[in-house]
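Residue numbers (my numbering): 477 to 828.
Here the structure comes first, spelled out in structure tokens, and everything after it is commentary.
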Amino acid sequence: MQLTVKEIADFINGKIIGDENLVIHSVARIDEAKPGDVSFIYLPAYEKFQATTKASAIIVKHDLVKTRDDITYIKVDYPEKAFFSIIRKFFTPKFELEGIDKSAFISPNASVGNNVAIGKNVVISDGCVIGDNTKIFHNTVLLENVEIGNDCLIFPNVSIRENCKIGNRVIIHSGTVIGSDGFGYNKNESGEYVKIPQIGNVIIEDDVEIGSNVSIDRAAMGSTIIKRGCKLDNLIQVAHNVTVGEHTAISAQSGISGSTKIGRFCILAGQVGIADHLEICDNAILMAQSGVSKNITKPGYYLGSPAKEHKTALKLEAHLRNLPDYVENLRKLESELKNLKENLEHSKNQTS
């Protein structure tokens, strides 16, 4: 890829300070950039790299002071957004895969759309429907009646169980399992666990991205639903009959228990745990390692286990950290009260 600084600036509506004809070959972090790279600075902590970076051009905020004449600057309102829009437009990987590999098995009862690419050892079972321009990489298995929309990317070693439905422009990374059995058991009279058949499915709506080694369980009945625009990190567990609302983002190692409903535009940071049959309202932000044990009905930041509103959680944490001082002060007060009591009794005895 070759672009001039002017082409980049025109695309992001930036103001050029320097050589507009400078040729750019790639993008890079400010501290790792090489000649021919364009980078960006959007936080004050990274301004120190101006002195040492080897980048040919840097995207910066309008108020950043230029410090080097050998670097071309492109000034914009939001450097990080401009930089990532450049990556999306000009440097998105192509993920080369074309045609249908001869080692793939495709049921004669499956429907495969136009311009579909299927890798080595892929299995596509009876009744499956694959949309146009979708790529399914090596060793992926689709059981019966799976539907996948248009323009999807399914990376190697993904398993999609029977009757699950995947929308358009969905990305699923390696090792993920869609439609595994929900964790459903009843105890019999002898106290033994008896499996409850999980006869529902999973529905993944349009524009969802799912990281590697994610497990999304099928519903016991009905559907587990990941709604449009959701982004799931690696190593996440979504239990049966969960619904995740539109454009919610979930970070790694989070776990959502069965039948919980999460609202739209929520954020679950790393290692968040949510108990079963709860409801999380829209625009709730659950900070790292929060444990949610009851419904959240008010948008905002939540922290701790059990999760509390952020300000309340911080106050409690401050008191916990000061407990040793509180204990010492209480001991002093107890000692002073004891001495006061003894003095009063002594005075009383003398008077009588």
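Backbone N, C-alpha and C fix where the C-beta goes; we use that ideal spot for every residue, glycine too.
Can you tell which of ASP513, LEU820 and ARG694 has the C-alpha that lies nearest to the C-alpha of ILE484? Nearest option by C-alpha distance: ASP513.
So who's on the other strand from LYS611, going by DSSP bridges? In the DSSP output, where bridge partners are listed per residue, LYS611 has ALA593 and LEU629.
Pairwise C-alpha distance: LYS570 and MET763: Straight across, the Cα-Cα distance linking MET763 with LYS570 is about 34 Å.
Please report the straight-line C-alpha distance between SER635 and ILE624, rounded to a whole angstrom. Distance between the alpha carbons of SER635 and ILE624: 13 Å.
Tell me whether GLU804 is buried or exposed, calling it buried when 16 or more other Cβ atoms sit within 10 Å of its Cβ. Exposed: under 16 other Cβ atoms inside 10 Å.
My output table needs one value for ALA696: the three-state DSSP class, helix, strand or coil. In this structure, ALA696 counts as coil in the three-state DSSP scheme.
Helix, strand or coil for TYR522, going by three-state DSSP, please let me know. In this structure, TYR522 counts as helix in the three-state DSSP scheme.
Quick check: the region 559-568 against the region 589-602, are there 3 or more CB pairs under 8 Å? In this structure the region 559-568 does not lie against the region 589-602, because fewer than three pairs of beta carbons, one per stretch, are closer than 8 Å.
How would you label GLN526, buried or exposed, when you count the other beta carbons within 10 angstroms and need 16 or more for buried? Buried is the label assigned to GLN526, since at least 16 other Cβ atoms lie within 10 Å of its Cβ.
Measure the alpha-carbon distance for ASP693 versus GLY721 and round it to whole angstroms. In this structure, the alpha-carbon of ASP693 lies about 16 Å from that of GLY721.
Beta strand (DSSP E) containing SER515: first to last residue? Run containing SER515: 513-516, per the beta strand (DSSP E) assignment.
Would you report the Cα separation of GLN713 and ILE732, rounded to the nearest angstrom? Straight-line Cα distance between these residues: approximately 6 Å.
By alpha-carbon positions, which one of ASN759, GLY780, SER766 and LYS787 ends up nearest to LYS774? The alpha carbon of LYS774 has as its nearest neighbour, out of ASN759, GLY780, SER766 and LYS787, the alpha carbon of ASN759.
Is GLN826 buried or exposed, if buried means 16 or more other CB atoms sit within 10 Å of its CB? The residue in question, GLN826, is exposed, as its Cβ has fewer than 16 Cβ neighbours within 10 Å.
Considering just the uninterrupted stretch of the alpha helix (DSSP H) at VAL481, what are its terminal residues? Judged by DSSP secondary structure, VAL481 falls within the alpha helix (DSSP H) whose first and last residues are 481-488.
Keeping to the same chain, check which residues put their C-beta closer than 6 Å to that of GLY739; ignore five residues upstream and five downstream. The beta carbon of GLY739 lies closer than 6 Å to those of GLY721, ILE756, CYS757 and ASP758 in the same chain, with the five residues before and after it left out.
Cut-off 6 Å between Cβ atoms - residues of its own chain near ILE686, not counting five sequence neighbours on either side: When the five nearest sequence neighbours on each side are left out, the beta carbons in the same chain lying within less than 6 Å of the beta carbon of ILE686 are those of ILE648, THR652 and LEU708, in order along the chain.
Would SER691 and SER735 qualify as a contact pair, given that the criterion is a beta-carbon distance under 8 Å? No, the Cβ-Cβ distance between SER691 and SER735 is not below 8 Å.
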